[in-house]
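Protein chains in written order, with the working numbering: chain X, 2 to 155; chain Z, 2 to 155.
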């Protein structure tokens with residue numbers, strides 16, 4: 002119990018401190034960072050989307066590896082959206098104002114990206130092509146849902 | 002033993018397949034991806050470098066979190082340097098030709114980044130400010146060493 006409480010406190014402290022540290026960054030830097038996180042996520046989703054469409058040879062091991070990466074990466078972009086980083090001077094952003102208006106909904110979608118990717122990693126370990134492709138589709142739905150609600154169309 | 006062998010084989014297979022998948026990408030896409038990975042790494046190293054210079058308040062929990070991230074992230078950039086991605090048409094690269102001439106040395110430095118970051122995460126868990134700052138310096142040395150040898154000055 003003591004350990005758990007300490008760990009929980011540690012998480013809260015990291016949360017607060019990280020927010021403080023990252024809220025102090027320039028909007029342009031935050032925009033550049035969050036774009037980079039989405040680029041890295043896109044690179045890792047790419048072959049999975051390709052498998053779903055039949056454009057990349059099916060590969061359960063690669064699906065598993067990239068799904069694990071997506072689960073991890075889902076936790077990274079959020080701190081790139083601190084208060085005030087809805088507009089930059091140099092960096093163009095495709096982030097909608099709705100991100101700062103509905104932060105909980107936005108955060109939930111990243112959590113869902115993480116949980117659906119974790120599920121994909123599990124399914125991928127089974128090697129079942131049909132089940133893997135179905136679950137890739139579930140991850141893709143989360144991506145689309147978030148882009149529809151929170152990203153300017155381009 | 003059987004499990005270990007299978008895991009090792011899986012890693013090799015993923016390596017081969019991932020190389021095949023990612024070697025087929027356009028140089029511009031590879032350049033954009035690897036730049037994004039370095040941006041995400043830089044964002045996470047930033048507060049650590051700041052702590053070392055006294056520009057960011059010392060925070061052992063944040064140091065631990067970011068060190069763990071750096072350990073993970075160290076494995077991501079390499080596939081952004083496939084054969085042929087030394088030049089792009091649109092994307093500017095600051096990658097030196099030496100990356101493709103001395104791939105093992107380049108790879109070793111990313112492994113060292115991972116191991117020194119892992120050590121930082123361990124040291125950070127102790128909360129010892131002096132030891133943490135010393136180890137942040139060790140991680141910084143790896144960054145500098147790789148940039149000196151493999152990145153065009155800018």
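Beta carbons: idealized from backbone N, C-alpha and C, even for Gly. Source: prediction; values computed, not measured.
At a C-beta separation below 7 Å, residue 121 of chain X has no neighbours in chain Z, since its nearest C-beta there lies roughly 15 Å away. Contact annotation: residue 111 of chain X and residue 100 of chain X have beta-carbon atoms that are not nearer than 8 Å. Annotation: residue 39 of chain Z to residue 137 of chain Z spans about 17 Å, alpha carbon to alpha carbon. By the Cβ-count criterion, residue 94 of chain X is buried, with 16 or more other Cβ atoms from all chains shown falling within 10 Å of its own Cβ. Unbroken beta strand (DSSP E) stretches of 3 residues or longer found wholly inside the region 43-130 of chain Z: none. Rounded to whole angstroms, the gap between the alpha carbons of residue 44 of chain Z and residue 48 of chain X is 26 Å. Taking residue 51 of chain X as the centre and dropping the five residues before and after it, the same chain places the C-beta of 57 closer than 8 Å to its C-beta, in chain order.
Cβ neighbours of residue 42 of chain X within its own chain (closer than 6 Å, five residues either side excluded): 74.
Looking at the DSSP output, residue 35 of chain X sits in no beta bridge, so it has no partner there.
The C-beta of residue 38 of chain X comes closer than 8 Å to at least one C-beta of chain Z.
With fewer than 16 other Cβ atoms from the protein chains shown falling within 10 Å of its own Cβ, residue 84 of chain Z counts as exposed. In this model, residue 120 of chain X and residue 63 of chain Z are separated by some 28 Å (Cα to Cα). Taking C-beta atoms as the reference points, residue 25 of chain Z and residue 65 of chain Z fail to come closer than 8 Å. Exposure of residue 128 of chain Z is indicated by the presence of fewer than 16 other C-beta atoms within 10 angstroms of its C-beta.
At a beta-carbon threshold of 7 Å, the residues of chain Z lying near residue 48 of chain X are 22, ordered along the chain.
Interface annotation, residue 71 of chain Z: not in contact with chain X, CB-CB separation never under 8 Å.
Residue 98 of chain X and residue 72 of chain X have their C-alpha atoms roughly 26 Å apart.
Taking a contact as a CB-CB distance under 8 Å, the pair residue 29 of chain Z and residue 91 of chain Z counts as one, their CB atoms being some 5 Å apart. The distance from the Cβ of residue 141 of chain X to that of residue 133 of chain X is about 13 Å, inconsistent with a contact at the 8 Å cut-off.
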